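*Asks:*
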Amino acid sequence: MSSVWEKVLQHKKWIIIGLICIASAAGGVYLYKSKPAPVTAGPTVKVERGDVRSVVSATGTISPVTIVDISSKISGLIKEMKVKENDQVTVGQVLLTLDDTHLQALVKQAQARLANVASIYGRTQQLQGMGAVSNQALDTSRSDYMVAEASYEDALSQLNETVIRSPINGKVIGKPTPAGQAVAPGVSTPMVLLTVADLSRMQIETQVDESDIGKIQVGQKVTFTVDAYPAKTFSGVVANVSQKANVVSNVVYYKVLVDVDAAENLLKPTMTARVSINVAESKNTLMVPLAAVKSANGEKYVVVVTNGKNQNSPVTTGITSEDKVEILSGLAEGDQIVASSAKAQTPDASKGGGMMPRGPAGI
13 MSSVWEKVLQ HKKWIIIGLI CIASAAGGVY LYKSKPAPVT AGPTVKVERG
63 DVRSVVSATG TISPVTIVDI SSKISGLIKE MKVKENDQVT VGQVLLTLDD
113 THLQALVKQA QARLANVASI YGRTQQLQGM GAVSNQALDT SRSDYMVAEA
163 SYEDALSQLN ETVIRSPING KVIGKPTPAG QAVAPGVSTP MVLLTVADLS
213 RMQIETQVDE SDIGKIQVGQ KVTFTVDAYP AKTFSGVVAN VSQKANVVSN
263 VVYYKVLVDV DAAENLLKPT MTARVSINVA ESKNTLMVPL AAVKSANGEK
313 YVVVVTNGKN QNSPVTTGIT SEDKVEILSG LAEGDQIVAS SAKAQTPDAS
363 KGGGMMPRGP AGI
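Residues 13 to 375 in my numbering are what the sequence shown spells out, letter by letter.
1. One question on the structure: do residue 187 and residue 334 come within less than 8 Å of each other, judged by their Cβ atoms?
2. Three or more C-beta pairs under 8 Å: does that hold for the region 102-118 against the region 238-248?
3. Let me check understanding here. Comparing Cα to Cα, which of 331, 268, 115, 75 lies closest to residue 340?
4. If contacts are defined as beta-carbon pairs under 8 Å, then residue 197 and residue 85 qualify, I think. What distance do you get, rounded to the angstrom?
5. Looking at chain D, is there any beta carbon in it that lies within less than 8 Å of the beta carbon of residue 70?
6. For residue 214, tell me which candidate among 68, 74, 323 has the shortest Cα-Cα distance.
7. For residue 268, count neighbouring Cβ atoms within 10 angstroms of its own Cβ and tell me buried if that reaches 16, exposed if not.
8. As an exercise, report each continuous alpha helix (DSSP H) stretch of at least 4 residues that is fully enclosed by the region 66-141, in chain order.
9. Hey, is the region 127-137 in contact with the region 176-185, meaning 3+ C-beta pairs nearer than 8 Å?
10. Assess contact between the region 230-237 and the region 198-208, defined as three or more Cβ pairs (one per stretch) separated by less than 8 Å. Is contact present?
11. Where do the ends of the beta strand (DSSP E) carrying residue 156 lie?
12. The beta strand (DSSP E) spanning residue 176 covers which residue range?
13. Closest to residue 162 by C-alpha separation, out of 149, 195, 123, 283, would be which residue?
14. Considering only the beta carbon of each residue, do residue 278 and residue 59 sit closer than 8 Å?
15. Just curious, the alpha helix (DSSP H) that residue 225 is in, first and last residue?
16. Check whether the Cβ atoms of residue 270 and residue 250 sit closer than 8 Å, and answer yes or no.
17. If I follow the unbroken beta strand (DSSP E) through residue 313, where does it start and stop?
18. Can you name the start and end residues of the beta strand (DSSP E) that residue 180 belongs to?
19. Go through its chain and collect everything with a Cβ distance to residue 145's Cβ below 8 Å, but skip five positions before and after it.
20. Count Cβ pairs between the region 300-308 and the region 277-291 that sit closer than 8 Å; are there 3 or more?
21. In whole angstroms, what is the alpha-carbon distance linking residue 169 and residue 114?
22. For residue 350, collect the residues of the same chain with a Cβ closer than 6 Å to its Cβ; drop the 5 residues on either side in sequence, then sort them by chain order.
23. Measuring CA to CA, which of 337, 322, 320, 65 is closest to residue 328?
24. Measure the C-alpha to C-alpha separation of residue 95 and residue 194 and round it to an integer number of angstroms.
25. Cutting at 7 Å between CB atoms, please list the residues of its own chain near residue 128, excluding the five before and the five after it.
26. Just tell me which of 209, 159, 118, 88 has its CA closest to the CA of residue 99.
27. Give the straight-line distance between the Cα atoms of residue 156 and residue 171, rounded to the nearest whole angstrom.
28. Could you spell out where the beta strand (DSSP E) holding residue 293 opens and where it closes?
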């Protein structure tokens, strides 16, 4: 009997030892799981003040505000082209002349006929005053005179059209049509003999997506660059926003015209411009790197470093640029924050919880 009892006690001892080991292991696992999750490390920066700009980017083509294609109103041959490419011209300057031999003859004929008809009309008036001719004869003579006068004026007008002058101050762009070339007027597509452009005033025509067009207003400042001068930034201002849409590949665009500021005659027609339209700007405002701001559960926050500990701090943001965010509330100038937007996680958050973690990291 005693030997049996001794065996029971011996087994009970080992059972108790086993239970103690199990409890110790469970406690160790609990303590391990309760240990704060490590905080993701990252570079830190200070909250600072500066200027934040929100821009709409687009690509456009540079062209002169005033550009005129010169053509002829009459048919003929170019007698002399008086300008060449890149010549500077002024208003009224003769650009070219057409052969006027035939028109000179027509003017002389029309002038002679007008003189003859005018003489007849004068005598008819005298005779009608004496009652020697009828009123009908006077009317016929007057009509002949008016027709002859119109013919003379038409011939003279055509003769004047053989001298083609510049309608604007500007520069000849492109190679003019050479002398000896036959020209003819056109109704829908006139023959262009040369082109004159005022290069002192340039503009950019660009297309803005419908998702951004609501931000664009006349008068907004613009900066842009061109491939010819990659290190130089030019400026301008929005001059017009079209109300007519242009659909390309099922995407809706609106034309925006930008007047270019004086550019030291560096810009040339048809250059491609990469445009940034300044749609909003805050000066001397609190700002942080864009990468530092995170969102969770509809709220925005940054990770603030205080006494070596990371803490998620809710913030209210304003204007966003390509790499900066305006901070309206939640931070103070000089606050140290994690620039890489590292998340101060709790164990629950690391399992995918939807709530924004609050308080010191690991608590």
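Glycine included, C-beta positions come from ideal geometry on N, C-alpha and C.
Quick caveat: nothing in here was measured; it's all calculated off a predicted structure.
*Replies:* Concretely, from the data shown:
1. For the purposes of this step, residue 187 is taken as the residue at position 175 of the sequence shown. For the purposes of this step, residue 334 is taken as the residue at position 322 of the sequence shown. No, Cβ-Cβ distance for residue 187 and residue 334 is not below 8 Å.
2. By the C-beta criterion, the region 102-118 is judged not to be in contact with the region 238-248, since fewer than 3 inter-stretch pairs fall below 8 Å.
3. By 1-based counting over the sequence shown, the position of residue 340 is 328. Measuring from the Cα of residue 340, the nearest candidate turns out to be 331.
4. Position 185 of the sequence shown, counting from 1, holds the residue named residue 197. Position 73 of the sequence shown, counting from 1, holds the residue named residue 85. Right, their Cβ atoms sit about 5 Å apart.
5. Looking at the structure shown, chain D is missing, and only one protein chain is on hand.
6. The residue given as residue 214 occupies position 202 in the sequence shown. Here the closest residue by C-alpha is 74.
7. To locate residue 268, count along the sequence shown from 1; it is residue 256. Buried is the call here.
8. Segments of the alpha helix (DSSP H) lying fully in the region 66-141: 113-141.
9. No, they do not touch.
10. Contact between the region 230-237 and the region 198-208 is absent, because fewer than three Cβ pairs lie under 8 Å.
11. Looking up residue 156 in the sequence shown gives position 144. In the DSSP assignment, residue 156 falls outside any beta strand (DSSP E) and within the unbroken alpha helix (DSSP H) covering 147-172.
12. As a first step, residue 176 must be located in the sequence shown, where it is residue number 164. Where residue 176 is concerned, the enclosing beta strand (DSSP E) starts and stops at 175-177.
13. If you number the sequence shown from 1, residue 162 lands on position 150. The residue with the shortest Cα to Cα distance from residue 162 is 123.
14. Along the sequence shown, one-based indexing puts residue 278 at 266. Along the sequence shown, one-based indexing puts residue 59 at 47. No, the Cβ-Cβ distance between residue 278 and residue 59 is not below 8 Å.
15. Counting from one through the sequence shown, the residue named residue 225 turns up at place 213. Membership of residue 225 in the alpha helix (DSSP H) is indicated by the continuous run 222-225.
16. Locating residue 270 in the sequence shown gives position 258, where the first residue counts as 1. Locating residue 250 in the sequence shown gives position 238, where the first residue counts as 1. In contact: residue 270 and residue 250 (Cβ atoms closer than 8 Å).
17. By 1-based counting over the sequence shown, the position of residue 313 is 301. Element bounds for residue 313: 311-318.
18. Indexing the sequence shown from 1 puts residue 180 at position 168. Taken as a continuous stretch (DSSP letters only), residue 180 belongs to no beta strand (DSSP E), as it is neither H nor E.
19. The residue labelled residue 145 in the question sits at position 133 within the sequence shown. Cβ within range, chain order: 136, 139.
20. Cβ pair count under 8 Å is below three, so no.
21. Your numbering for residue 169 matches position 157 in the sequence shown. Your numbering for residue 114 matches position 102 in the sequence shown. Whole-angstrom Cα-Cα distance: 13 Å.
22. Position 338 of the sequence shown, counted from the first residue, corresponds to residue 350. Closer than 6 Å at Cβ, skipping near neighbours: 54, 56, 315.
23. For the purposes of this step, residue 328 is taken as the residue at position 316 of the sequence shown. Looking at the Cα atoms, 337 is the closest of the given residues.
24. Start at 1 with the first residue of the sequence shown, and residue 95 comes out as number 83. Start at 1 with the first residue of the sequence shown, and residue 194 comes out as number 182. So the two alpha carbons sit approximately 18 Å from each other.
25. Counting from one through the sequence shown, the residue named residue 128 turns up at place 116. If the five residues before and after residue 128 are omitted, its C-beta is found closer than 7 Å to no C-beta atom of its own chain.
26. As a position in the sequence shown, residue 99 is number 87, starting the count at 1. Just measuring C-alpha positions, the residue of 209, 159, 118, 88 sitting nearest residue 99 is 209.
27. For the purposes of this step, residue 156 is identified with residue 144 of the sequence shown, where counting begins at 1. For the purposes of this step, residue 171 is identified with residue 159 of the sequence shown, where counting begins at 1. Near 23 Å, if we compare the C-alpha coordinates of residue 171 and residue 156.
28. For this step, residue 293 is matched to residue 281 along the sequence shown. For residue 293, the enclosing beta strand (DSSP E) covers residues 284-301.
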